[in-house]
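Throughout the sequence shown, residue numbering follows numbering that gives the first Met the number 0, covering 0 to 90 in sequence.
Encoded as structure tokens, the structure appears first; notes follow it.
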Amino acid sequence: MHWISGLALFLALTAPWFVLVSERNPDFARFFFIREHFERFLTTEHKRTGAPWYFVPYLILGLLPWTTLLPRIVRDAWADARPACASAACC
Numbered sequence: 000m001h002w003i004s005g006l007a008l009f010l011a012l013t014a015p016w017f018v019l020v021s022e023r024n025p026d027f028a029r030f031f032f033i034r035e036h037f038e039r040f041l042t043t044e045h046k047r048t049g050a051p052w053y054f055v056p057y058l059i060l061g062l063l064p065w066t067t068l069l070p071r072i073v074r075d076a077w078a079d080a081r082p083a084c085a086s087a088a089c090c
């Protein structure tokens with residue numbers, strides 16, 4: 000699935016829920032998107048004292064088993080991004 004159609008599908012599935020919740024609780028969008036995502040990780044408001052890379056191991060472990068596929072995905076993306084050669088001289 001192309002990323003544009005994937006994004007459209009994602010928004011079609013999730014946007015109605017966010018709209019309904021925001022209508023019933025007007026402060027929800029600010030609380031959920033700003034406070035729970037940015038302020039929680041980028042400020043000391045929640046008494047988090049870890050280093051900026053504190054969450055990296057948790058992200059890697061939390062995304063298992065998909066992180067085991069990451070090296071192959073990067074390799075394939077790198078190979079697809081290189082221009083195709085018409086002759087051996089340009090490779």
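No residue lacks a Cβ here, since even glycine has one placed at the ideal position from N, Cα and C.
- Task: Please state whether DSSP places G49 in a helix, a strand or coil.
- Result: Correct three-state label for G49: coil.
For a test of the three-state rule: what should DSSP assign to L19, helix, strand or coil?
helix
- prompt: Is H1 helix, strand or coil when you go by DSSP?
  reply: coil
Is the beta carbon of F27 less than 9 Å from the beta carbon of V20? yes
Review point. How is S13 classed by DSSP in three states: helix, strand or coil?
Key: The question names Ser, yet the displayed sequence has Thr at residue 13. The answer is helix: DSSP assigns T13 an H, G or I state.
Between R47 and F40, is the Cβ-Cβ spacing less than 9 Å? yes
*Starting from W77 and walking both ways along the alpha helix (DSSP H), at which residues does that stretch end?*
L69 to A80
Nearest neighbour of F32, chosen from A80, L60 and F17 [CA to CA]:
F17
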